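Take a look at the structure set out below.
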Ligand SMILES: [Zn+2]
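Written out as structure tokens, the structure is:
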């Protein structure tokens, strides 16, 4: 979503700025929060530390990251324990081993750029070289694992992967995760399809000339139907109206303090559901705005 709360959260972190290369519009960075987590255990292949992302931590190459589940972070679940990849011990209970999260970040190559003609153009506040294409696993509402894509700012690629790993470990269901270009860059269409997305170079709704946080690649909208934008009597997308009552507990919804909020909080990102006036329940951002 692209809205700006009438009163911002009090949790915009006053932490150190990231390194050189940031524009003057770079917000305070939650670097310390990011560094505090990620006990990721590389399982196979080359890995990247997905928890701490200084400007150079996400290399300009494909970095397939396979991260074992961390029992310390896991949500309580009635499932079998996850054996490590090489263990010969059988699972303690019947059932297949839980899959490991896979996520990667790569520069926007020519093929990807040709897919982003709706979401990026010259004049956007972030240069396309500063964006990264994330390919990552997420659970679906069908109980299966799916591969999704997000475009985010390179400074936040590792943080978003770390948050998404936590969502994966919590088996938080996400219906779909496609580039907003699959919907012509139209946020309303993307939301109506319950699409989880990040980068989109566009102004704040109703405020021409003011870039949305999504324009910088440091905001993600998760399950817009289950987590609509609610302001007064307005619910967006319209399909989210049944979810405007937040006392319900249904799959894919985000509630204060739940696994999704904690996942993004672990990398210093704020949640639009905590705004004081209008609520953007789908929206997480590095700035908290
Ligand atoms: Zn948003």
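Numbering (our numbering), first residue to last: 135 to 423. By construction, the Cβ of each residue, glycine as well, lies at the ideal position given by its N, Cα and C atoms. As the structure is a prediction and not an experimental result, all values here were calculated from the model.
Minimum C-alpha distance to residue i - residue among the options
i           : options            : result
residue 400 : 299, 335, 365, 356 : 299
residue 252 : 317, 245, 296, 329 : 317
residue 273 : 293, 256, 304, 263 : 304
residue 410 : 403, 423, 373      : 423
residue 264 : 287, 384, 413, 271 : 287
residue 392 : 258, 421, 336, 306 : 306
residue 414 : 250, 384, 383, 353 : 353
residue 335 : 360, 262, 301, 394 : 262
residue 259 : 243, 248, 348, 296 : 348
residue 420 : 333, 329, 233      : 333
residue 275 : 295, 328, 256, 339 : 328
residue 236 : 244, 248, 294, 242 : 294
residue 360 : 379, 248, 238      : 379
C-alpha gap between residue i and residue j, whole angstroms
i           : j           : result
residue 368 : residue 375 : 9 Å
residue 396 : residue 386 : 15 Å
residue 254 : residue 229 : 44 Å
residue 240 : residue 284 : 11 Å
residue 403 : residue 231 : 31 Å
residue 343 : residue 246 : 26 Å
residue 323 : residue 314 : 9 Å
residue 267 : residue 373 : 28 Å
residue 270 : residue 337 : 27 Å
residue 381 : residue 363 : 15 Å
residue 297 : residue 250 : 24 Å
residue 234 : residue 330 : 21 Å
residue 219 : residue 302 : The pLDDT assigned to residue 219 is 42, lower than 50, so where the model puts this residue is not dependable, and the model offers no usable value.
residue 340 : residue 366 : 16 Å
residue 418 : residue 408 : 10 Å
residue 95  : residue 277 : The chain is shown from 135 up to 423; residue 95 falls before or after that span and cannot be answered.
residue 398 : residue 244 : 30 Å
residue 310 : residue 242 : 21 Å
residue 319 : residue 406 : 21 Å
residue 412 : residue 377 : 15 Å
residue 325 : residue 346 : 15 Å
residue 321 : residue 388 : 20 Å
residue 257 : residue 238 : 27 Å
residue 248 : residue 394 : 32 Å
Assumed close pair residue i, residue j - CB separation to whole angstroms, cut-off 8 Å
i           : j           : result
residue 416 : residue 355 : 4 Å
residue 371 : residue 390 : Contact doesn't hold; Cβ gap of about 22 Å is too wide.
residue 282 : residue 308 : 7 Å
residue 351 : residue 290 : 7 Å
- Message: Which runs of the beta strand (DSSP E) at least 3 residues long sit entirely within the segment 298–346? Give them in chain order.
- Response: Runs found: 341–345.
- Of all the alpha helix (DSSP H) runs that stay within the bounds of the segment 378–403, which reach a length of 4 or more residues? List check, alpha helix (DSSP H) in window: 393–399.
- Can you list, in chain order, the stretches of the alpha helix (DSSP H) that have 4 or more residues and sit fully within the segment 245–303? Within the segment 245–303, the complete alpha helix (DSSP H) runs of at least 4 residues are 291–303.
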